Structure formats: structure tokens, C-alpha cells
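Asker: Residues 1 to 474 (the UniProt record's numbering) are what the sequence shown spells out, left to right. Built from N, CA and C at the ideal position, the CB exists for glycine as well. In this text the structure is predicted, and so the values were computed from the model without any measurement. Can you keep this structure in mind? I'll have questions shortly.
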Amino acid sequence: MKVLIIGGTNFIGPPLVRRLVGLGHEVAVFHQGQTQADLPLGVEHVLGNRHHLGAHADEFRRFGPEVVVDMIAYIEADAAGLVETFRGLARRTVVVSSADVYRAYGRFIGTEDGPVEPTPLTEESPLRTDLFPYRSHAQGPDDFFHTYDKIPVEQVVINEPDLPGTVLRLPMVHGPGDPYRRLSAYLKRMDDGRPAIVLDEAMARWKCPRGYVENVAAAITLAVVDERATGRTYNVADPVAFDEAEWVRRLGGVVGWRGRVETVPGDRISLPYRMGQGIDMNSDRIRRELGYAEPVPPGEALEQTINWERANPPTTVQSFGLLGYEAEDELLAGSGPGLLVGQCKPGEEPVEFLRTTVETINGMVGSQFLDPQRIAHGLDPPSNGPGSWNNRESRGNSRGGASRAVRNACQRSASSPNRVRLASVSPARSNALSSTNSLTERWATCAAAWSVSFASGESRKSSFALRTDRSDMV
């Protein structure tokens, strides 16, 4: 088969060309000649400007493509030029699109109003109704961002009866040659030996579609060589979309980083997007219809990306959603465990005492610092409920003493049903403490981990003490 690729010299293009040539197909690449790409011998080159495809009609006719792959159709005029040039010349087209066509993406970046869209997104999920999502960033009508939109591109391609098309909605692609350097900000922190990476708590839960460049190229190859792709639209993405925190941890596992991911409340890091709106995609259709499966496993994909990133460090690192090191250090210094220790009056219900204590703390701070309803939830102790605090141990003023108190209390068990303890730990300590008992509940407040303990007994009197490593909260 003869395949013409428009673009094809940058990032995803070379692995696509190599795959097609490896399968025995004849490949020609139409490009401007500005990028020195490592392409196999025998690949034909046609030099020109994609906005003037018609001027090269004779060269295209001599090559005689059966399928035309457009890697760089960004605006409606690009798609119109593609159809006009190759109608009656090629059998069909394959056009690269993006996850940014979905309405969920518009809600993520704030160009569309409405509730959070359910994810993962399928090919039938609603598209944006507000076109040209980046027009507000344009410097004028001739700016790329003024007219960029993949939705009109898709419509032109799919609705052309005389030149059937296939649309592939790609994810956020990483790998060797990534122009966006999607891993560089995290990788630099890991290579710098940072003890933690601090994420906004909503960003830590955010999901987006991802894919390794070689795997994405394999998906495009299937759409080119398999006639069943004609007239179809496919999402391309890894089968599992990890949230950002888990993505960082997996990257760290490959790197050998021994740090942790810390999350902080949303008011600590300013983000321009609606992080509660995920944009992760379901890619079952291309797997089911074309038999797509990633040829490169996840660990190897990350390892190859990391090796390339380290061998080609960027001049500047884009650190979206991340603080500078100094600001991170300031937050991390104030994220040690605090202690809230309270004792019931004789005959007082522990849950009621806890609520009263929390309301008192909220009154001292002047805000809804702790949510009594959230804290009290799930406090019905089992017959062998967890043990209460050792008061002497829990009064340690040092961070280490407080940390030991938290750890020891979580590991302790007692048979007395009238002694219950609620421990709340920071996400950094959640792995170590998550299996302690069913009463453990977590919440983050001012990047501090709070441990609440209360007990009832005839000899006890009502009292509480608040301790924290943050001097502004003492």
C-alpha cells in the first residue's frame, strides 16, 4: 500500500513512518523541510507548505497514495484543503484529532458552563459547543490560536462522501521527542532529590488520557492498514487512566525516587482550570474493532521517556500546578502532625464530646477549621475498639514525639468499649497507617495531620489541648 503522510517528521511522525515501512508499505512524507527526522531509507520526501496542498497535486498524483494521513490538520481550512486535493486521488484519509474536542475539556478549561461531565469519555460523549477554545489567547485574527479547533476538522473529514475518513482522538502523548516535555517537571524534582512533590488536592485526583508515542503510532498504523476503520472515530489512550498523584508515584517508582506525594487544600496553589473535571478517555472501541493493544508496556514506556528526557534536558521546565522549591519547603515544614487531645466528662457521650470540642476549636480559629460531622462519621466503636492515647506519650512537643504518638496509637488495640480513638493522618503517612483499623479517617487542613483522641471515665475531667508544628496555629 502507498501511504502519504502530511507532517510526519516530528514526535509521533517518525515512529509511524517506521512502523508502516516495517510492514512493507511505501511511504511518502509531505513536510516543509525544516525538521531533520530520522526516517528509513526509501521514504519519499515532498517539500511544501500544507496550506498550499493543491500546488503539489502533480507530485501527489505521481506517487499515487491510497491512504493519506494528516498529522497537522489544526483548522477547518486544513481539512477542506485535504479533501479538495485528494478527492478522486486517494481512497481514504486518516486524520489526527484530540481529546480537546469533548465538552468535558471545555468545562475543564472554563470555556463551557455546566456540571461535571462523567468520565471516562467515549466516542459518543458530547463535544464542545463553544468553538475555538484558545481564541482568548490569540494576539489577533492571524494568530494560530484564533482559528484552532479540531471539531470543524473532524466534521469536514467524516462528512465527505467521496473521500471516506477516519478520525483518531489522541491523548496527552509522552515519549522521546515530546515537544511539551510532559514529564520534565516531575523528573527534575526527583533527580534533584526533593523529599516530596506537592500537589493541589484536586489536581492530585485529576485524570487525563495518556499514551506513549510508540503505542500511539501503532494505533494510527492500524487505522491506516485496516479498512474496517473507514468512517470511524476512535479514542486512543492507555487502558487505565491514573490520577495525577498515582502517575507521579509510578514515575517515581521507575526513577527510583524515594520521596512522597503531598497534597494541600485548593487555596494554597492557584490553578486556572477546573480540576474537578477529568478528561480521561475510554479506548475500548479501537481495541474491540481493530484489535489494538499497546506494543510497549507501561514500565518500559516510562523508562524510555525518562532516558530521553535526561539525555535531552529542556532549557526551561514547564511546571504547571507546581510550586517553587522555596514555597514547597515552607509548606512541607508546616506539615508535621498536630495533636488534639480531649477527655470526656463522666457520663458524657464520646461523640457529643468530640463535636463540642471541635466547635470550640473552630471558635478559637474563627472558621470552619474542622468539620464535626465529617469527623464524627463512623465513630461507632466495635466491641474491641481501638485503644486510647497514652497521655504522657501524646504530650510530646517535638515533631518526632507527636509522630510516634500517632503511630503507636494506631498500632495499639484495647478491649474497653468506652475508649475510642480517631486518628487522621496526612496522605504522606496514609500507606503506613491505612490498614490499622476501620475507624481511621483522613482529612487535610492547612497541610497538617490531626489526630483526635478522646476517652470516657469517672475520674476524667473535661479538657483538651491543641498542639501543632505550625506556629501560627498554636
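#1: What number of angstroms, rounded off, separates the C-alpha of Pro-265 from the C-alpha of Leu-199?
#2: Enumerated in chain order, which unbroken segments of the beta strand (DSSP E) with a length of 3 residues or greater are wholly contained in the segment 218 to 269?
#3: What does DSSP give as the partner residue(s) for His-45 in the beta ladder?
#4: Could you give the DSSP three-state label for Met-190: helix, strand or coil?
#5: At the level of alpha carbons, what is the spacing between Arg-128 and Pro-115?
#6: What are the residues that DSSP puts in a beta bridge with Asp-70?
#7: Across which residues does DSSP place Ile-197 in a beta bridge pair?
#8: Which parts of the segment 284 to 335 are runs of the alpha helix (DSSP H), unbroken and 4 residues or longer, counting only runs that do not cross its ends?
#9: Taking Thr-166 as part of the alpha helix (DSSP H), name the residues at either end of that continuous run.
#10: Write down the C-beta distance between Val-236 and Leu-187 rounded to the nearest angstrom, noting that I regard them as a contact closer than 8 Å.
#11: Provide the residue span of the beta strand (DSSP E) that contains Gly-211, from first to last.
#12: For the alpha helix (DSSP H) containing Arg-158, name the first residue and the last one.
#13: Give every residue of the same chain whose Cβ lies closer than 6 Å to the Cβ of His-25, excluding the five residues on either side of it in the sequence, and list them in chain order.
#14: Once the 5 residues before and after Gly-7 are set aside, which same chain residues still bring their CB inside 6 Å of it?
#15: Taking the alpha helix (DSSP H) that Tyr-105 falls in, what are its first and last residues?
#16: Assuming contact is defined by CB atoms lying nearer than 8 Å, are Val-224 and Gly-177 in contact in what I supplied?
#17: Comparing alpha-carbon positions, which option in Asp-142, Gly-106, Glu-289, Asp-113 lies nearest Lys-150?
#18: Roughly how far, in whole angstroms, is the beta-carbon of Tyr-234 from the beta-carbon of Arg-169, given that I think they are within contact range, below 8 Å?
#19: What residues match up with residue 490 in a beta bridge as DSSP calls it?
#20: Sorted by chain position, which residues of the same chain lie with C-beta nearer than 6 Å to Phe-63's C-beta, five sequence neighbours on each side aside?
#21: Can you tell me the Cα-Cα spacing of Val-153 and Pro-133, whole angstroms?
#22: Please state the DSSP three-state secondary structure of Met-1.
#23: Going by DSSP, name the residue or residues bridged to Met-203.
#24: Is the beta carbon of Gln-318 closer than 8 Å to that of Phe-108?
#25: Would you call the segment 153 to 163 and the segment 74 to 83 touching, i.e. three or more CB-CB distances under 8 Å?
#26: Let me know if Gly-193 comes out buried or exposed under the rule of 16 or more other beta-carbons within 10 Å of its beta-carbon.
#27: Do Leu-39 and Val-17 have their beta-carbon atoms positioned less than 8 Å apart in this structure?
#28: Select from Pro-298, Leu-121, Phe-60, Glu-44 the residue whose C-alpha is nearest the C-alpha of Asp-284.
#29: Report the residue from Thr-35, Ala-37, Pro-298 whose alpha carbon sits nearest the alpha carbon of Trp-247.
#30: How would you write the range of the alpha helix (DSSP H) that Val-17 sits in, first residue to last?
#31: For Leu-183, name the three-state secondary structure that DSSP assigns.
#32: Once DSSP output is grouped into helix, strand and coil, what is the label at Leu-82?
#33: What's the C-alpha gap between Ala-333 and Glu-309?
Answerer: Based on what the coordinates show:
#1: 9 Å
#2: 233 to 235, 260 to 264
#3: Val-29
#4: helix
#5: 13 Å
#6: Ile-6, Val-95
#7: Val-261
#8: 284 to 290, 298 to 311, 325 to 333
#9: First-last for Thr-166: 165 to 170, but that is the beta strand (DSSP E), not the alpha helix (DSSP H).
#10: Contact doesn't hold; Cβ gap of about 24 Å is too wide.
#11: 210 to 212
#12: Checking the sequence shown, residue 158 turns out to be Ile, not Arg. First-last of the alpha helix (DSSP H) with Ile-158: 150 to 158.
#13: Met-1, Val-3
#14: Gly-13, Met-71, Ile-72
#15: 103 to 109
#16: no
#17: Gly-106
#18: 7 Å
#19: Beyond the ends of the chain as shown, which are 1 and 474, falls residue 490; an answer cannot be given.
#20: Ala-28
#21: 14 Å
#22: coil
#23: Its beta-bridge partners do not exist; DSSP assigns none.
#24: no
#25: yes
#26: exposed
#27: yes
#28: Leu-121
#29: Pro-298
#30: 13 to 22
#31: coil
#32: helix
#33: 30 Å
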